[in-house]
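Sequence order for the protein chains is A and U. With full-length UniProt numbering applied, the first sequence corresponds to residues 1 to 380, in that order. With full-length UniProt numbering applied, the second sequence corresponds to residues 1 to 285, in that order. The structure appears right after this line, and notes come after that.
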Amino acid sequence: MIDTAASDDVELEMLKSMSVVREAIVADADDEVDGAMAEGAAAKRANDEVKARRKILPVIEGLVLLAALLAPLVLQDYLTVFATRVIILALFALSFDLVWGYAGIMSFGQALFFGSAGYGVALLARDLDITNIFLVLPAGTLIGLTFALLLGGFLLLGRHPSSVIFVSLGTLTGSYAADRLARGWYYLGGQNGIPSIAPMSLGSYDFTEGPAFYYLVLGILVVVYLLCRFLVRSQFGLALAGLRENEQRIAFFGYKAQHLKAIIFTIGGAVAGLAGSLYAFHEGFVWPNMVGVVVSTQVVLYVLFGGSGTLIGAVVGAVIVEGVSFWLSDNYREIWPIILGLLLLLVILFRPLGLISFVLGERERVGSFGAKQKERRNAP
Amino acid sequence: MANAFVAAFEILSFGAIIVLIVLGLGIIASMMGIFNFAQGEFVLLGAYITYLAYAKGLPIWAGMVAAPFVVGALGFVLEALIIRRFYAAPIVAMLGTYALGLIIREAVRGLIGGFYLTVPEPIGGSIDIGAMHISAWRFTIIVITLLVMGLCYLLLSRTSFGLRVRATLENPSLARASGISTPLIYGATFAFGAALAGLAGALIVPVFSLFADLGLRFLIQGFVAVMVGGVGSFIGPVAGAGVIGTLSAALPWVMAPVVADVLVFVLAIVFIKFRPQGLIAGKGV
Numbered sequence: 001m002i003d004t005a006a007s008d009d010v011e012l013e014m015l016k017s018m019s020v021v022r023e024a025i026v027a028d029a030d031d032e033v034d035g036a037m038a039e040g041a042a043a044k045r046a047n048d049e050v051k052a053r054r055k056i057l058p059v060i061e062g063l064v065l066l067a068a069l070l071a072p073l074v075l076q077d078y079l080t081v082f083a084t085r086v087i088i089l090a091l092f093a094l095s096f097d098l099v100w101g102y103a104g105i106m107s108f109g110q111a112l113f114f115g116s117a118g119y120g121v122a123l124l125a126r127d128l129d130i131t132n133i134f135l136v137l138p139a140g141t142l143i144g145l146t147f148a149l150l151l152g153g154f155l156l157l158g159r160h161p162s163s164v165i166f167v168s169l170g171t172l173t174g175s176y177a178a179d180r181l182a183r184g185w186y187y188l189g190g191q192n193g194i195p196s197i198a199p200m201s202l203g204s205y206d207f208t209e210g211p212a213f214y215y216l217v218l219g220i221l222v223v224v225y226l227l228c229r230f231l232v233r234s235q236f237g238l239a240l241a242g243l244r245e246n247e248q249r250i251a252f253f254g255y256k257a258q259h260l261k262a263i264i265f266t267i268g269g270a271v272a273g274l275a276g277s278l279y280a281f282h283e284g285f286v287w288p289n290m291v292g293v294v295v296s297t298q299v300v301l302y303v304l305f306g307g308s309g310t311l312i313g314a315v316v317g318a319v320i321v322e323g324v325s326f327w328l329s330d331n332y333r334e335i336w337p338i339i340l341g342l343l344l345l346l347v348i349l350f351r352p353l354g355l356i357s358f359v360l361g362e363r364e365r366v367g368s369f370g371a372k373q374k375e376r377r378n379a380p
Numbered sequence: 001m002a003n004a005f006v007a008a009f010e011i012l013s014f015g016a017i018i019v020l021i022v023l024g025l026g027i028i029a030s031m032m033g034i035f036n037f038a039q040g041e042f043v044l045l046g047a048y049i050t051y052l053a054y055a056k057g058l059p060i061w062a063g064m065v066a067a068p069f070v071v072g073a074l075g076f077v078l079e080a081l082i083i084r085r086f087y088a089a090p091i092v093a094m095l096g097t098y099a100l101g102l103i104i105r106e107a108v109r110g111l112i113g114g115f116y117l118t119v120p121e122p123i124g125g126s127i128d129i130g131a132m133h134i135s136a137w138r139f140t141i142i143v144i145t146l147l148v149m150g151l152c153y154l155l156l157s158r159t160s161f162g163l164r165v166r167a168t169l170e171n172p173s174l175a176r177a178s179g180i181s182t183p184l185i186y187g188a189t190f191a192f193g194a195a196l197a198g199l200a201g202a203l204i205v206p207v208f209s210l211f212a213d214l215g216l217r218f219l220i221q222g223f224v225a226v227m228v229g230g231v232g233s234f235i236g237p238v239a240g241a242g243v244i245g246t247l248s249a250a251l252p253w254v255m256a257p258v259v260a261d262v263l264v265f266v267l268a269i270v271f272i273k274f275r276p277q278g279l280i281a282g283k284g285v
């Protein structure tokens, strides 16, 4: 994303070299870079390949950002509203990706934090007339964070480490229970939820659906994305990646694996809370599905499609799933969920790393930590 | 007195329904280590087949007999084609079976539309004991549940098939070395679990009527019941189902239904947290 500052020419150049490299990658399919290097003559090419491969991620990020920035200029009004919703859902997908893609916690109840924050800000707006953006967004984030801290603390911490199955079923149950509670509790509006929430305000300006709201959520997404990117590329992120790959080994290294998990779960909850409060104000109403299993599994779909373990994968997955579903909903409303299920099954079976793995190598997915490769080579 | 009796019957019959649904889920979870998210959709399919038989003018009981066999056969095919690839990774198995469930559920939704379709009870009317009336069909469900439970227990503990299943569960490589075809046993176990779900769906459809989210409604309750009972044995999930079913039916009589609904789940999760091995620990039957 940082690279977008570069002029268009540079971008074009990069694109060209990228497509060449991609052909090269396809050409020697499964050949590892190390294997290619042994061939002497190919060494230089392979070196270039490594260099160029490294650049794919920023290029994708830059392209996505560019497309997102230009979208409202070319889209019709009602599509901008739709795009805003997609961006909010991408933010939500980011939260699940942090938890599952980086820490290996299967949270089937991510909507609990999304929806409870939505309900929280809706109540603030309805009962206390608080709609100031600087109050409601932090409040929503805090609600998501608190719920995630409570649920994550309970499920993940303790004398005996919890099994993966227990955590996933525990979060699923939590989300389901919240759904039932929201449906039955009159104060929360029961089945109908809370309708007609007042728009979010900044001074005397009201954020209503449209380009302003779009750029607001896009800005928030970019900021959160960069924060997450910094987080997963930090030493903490390295420990997390280790946790995902082999929890026992990380524990033997002396890390408190449970604490790491609880921390990332809480951060994920906070991001989901932020997304939930934005969603509530954008749609103008909240309803029980928002905390329930339906939305929880929806976000799992986004991330699995896009590619878990890459932040951009979550964003791309949300855009693709929502976009295609919007596109097909006119003519193929009935069969779209079936197609979605089939595609999901295919992705799980044959592309466990998601669609993004078509363009992104394993090396770049994990990322490099600490010393740069050059320095490492020089080291004794 | 009469009221208390009716309440007790309601609680018992709901408990029996949960046990019936959890039986298949528990067998698959215990014997294969997979939490099958598509189990709810197998229940739905069983219900749909019963409805189909009724709509085509066949006797309802014919549909109910056919349902477990059709769903079991489907389970066998799905296991061979898809589920087999997931044994190494339980989380991936969850996601994969979820995708399968999504496909089945939406396909059925497409077939029946968004309606609630009713299927009449094959044994209508009520049984009168003095001044008290209890639904004959619900009573039949309790009886069938007890029968199926007993038969499953006998199948797993007394027959050579049961022995093979248990051997495969305890030590797959030794079982293979002893000449047991473990893939076939896994396939048969999965098909058996699916068939039980189909039977459950067929039996409950007159009580709950047919709608696309029928299975989803019981899935989470089923999972919680399996965890509470303890994964690894046959009797554990059944015991858990008894507890969860009884609690969810009994609590609304003493407190607001909304609170009761949520309380059951909270209690169950807290219980599992502090006793991860469940009510009945250990492997075996």
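Backbone N, C-alpha and C define an ideal beta-carbon position, used for all residues, glycine too.
Under 8 Å between C-beta atoms of residue i and residue j
i	j	result
G198(U)	G40(U)	no
I264(A)	L98(A)	yes
V228(U)	G26(U)	no
P161(A)	F281(A)	no
I144(U)	L214(U)	no
G245(U)	F14(U)	yes
V6(U)	M132(U)	yes
G115(A)	V359(A)	no
V299(A)	F96(A)	yes
L278(A)	I88(A)	yes
V315(A)	G306(A)	yes
L196(U)	L23(U)	yes
L238(A)	L301(A)	no
V86(A)	G323(A)	yes
Test: residue i CB closer than 8 Å to a CB of chain U
i	result
W327(A)	no
E334(A)	yes
W185(A)	yes
A125(A)	no
L360(A)	no
H160(A)	yes
A318(A)	no
A314(A)	no
G354(A)	no
A117(A)	no
F236(A)	no
T208(A)	no
Y176(A)	yes
residue 419(A)	This structure cannot settle anything about residue 419(A), because the visible part of chain A is limited to 1 through 380.
L221(A)	no
residue 381(A)	In the structure as shown, chain A starts at 1 and stops at 380, and residue 381(A) therefore has no counterpart that could be examined.
A27(A)	Its pLDDT being 42, under 50, A27(A) is placed unreliably in this model, and the value from its coordinates should be taken loosely. For A27(A), the answer is no, since every Cβ of chain U falls outside 8 Å of its Cβ.
Which residues DSSP lists as bridging residue i, in chain order
i	result
N132(A)	S201(A)
I127(U)	I134(U)
L117(U)	L210(U)
Residue-level contact to chain A via CB, residue i, 8 Å cutoff
i	result
P252(U)	no
A241(U)	no
G96(U)	yes
G236(U)	no
P183(U)	no
D261(U)	yes
L169(U)	no
M227(U)	yes
Mind the definition here: the stretch 224–235 of chain U touches the stretch 190–197 of chain U only if three or more C-beta pairs lie below 8 Å; say whether that holds.
-> Contact fails: fewer than three Cβ-Cβ distances are below 8 Å.
Could you give the uninterrupted runs of the alpha helix (DSSP H) lying entirely in the stretch 196–231 of chain U, keeping only those of 4 residues or more?
-> If you keep only unbroken alpha helix (DSSP H) runs of at least 4 residues inside the stretch 196–231 of chain U, you get 214–229.
Counting pairs of Cβ atoms below 8 Å between the stretch 200–215 of chain U and the stretch 84–100 of chain U, do you hit three or more?
-> These segments do not touch.
Entirely within the stretch 169–236 of chain A and at least 3 residues each: give me those beta strand (DSSP E) ranges in chain order.
-> If we require 3 residues or more, the beta strand (DSSP E) runs fully inside the stretch 169–236 of chain A come out as 200–202 and 205–207.
Could you pull out every unbroken alpha helix (DSSP H) segment of at least 4 residues lying fully inside the stretch 77–115 of chain A, listed in chain order?
-> Here the runs fully enclosed are 77–96.
In the stretch 306–341 of chain A, which residue ranges form an unbroken alpha helix (DSSP H) of at least 4 residues, counting only runs that do not cross its ends?
-> Complete alpha helix (DSSP H) runs here, min 4: 311–328.
Runs of beta strand (DSSP E) lying entirely within the stretch 1–40 of chain U, each at least 3 residues, in chain order = Taking only runs of at least 3 residues, no beta strand (DSSP E) segment lies wholly in the stretch 1–40 of chain U.
Please go through the stretch 266–290 of chain A and give each complete alpha helix (DSSP H) segment of 4 or more residues, from N-terminal end onward.
-> The stretch 266–290 of chain A contains no whole alpha helix (DSSP H) run of 4 or more residues.
Indicate whether the contact test is met: 3 or more Cβ pairs, each with one atom in the stretch 253–268 of chain A and one in the stretch 98–114 of chain A, closer than 8 Å.
-> Output reads yes: the stretch 98–114 of chain A touches the stretch 253–268 of chain A.
Do three or more CB pairs link the stretch 216–228 of chain A to the stretch 143–155 of chain A at distances below 8 Å?
-> Segments in contact, no.
Please confirm if the stretch 56–75 of chain U is in contact with the stretch 217–224 of chain U, defined as three or more CB-CB distances below 8 Å between the two stretches.
-> Contact fails: fewer than three Cβ-Cβ distances are below 8 Å.
Are three or more beta carbon pairs between the stretch 170–184 of chain U and the stretch 108–115 of chain U nearer than 8 Å?
-> With fewer than three CB-CB distances shorter than 8 Å, the stretch 170–184 of chain U does not count as touching the stretch 108–115 of chain U.
At least three beta-carbon pairs within less than 8 Å, the stretch 124–131 of chain A to the stretch 188–204 of chain A | They touch, by the three-pair rule.
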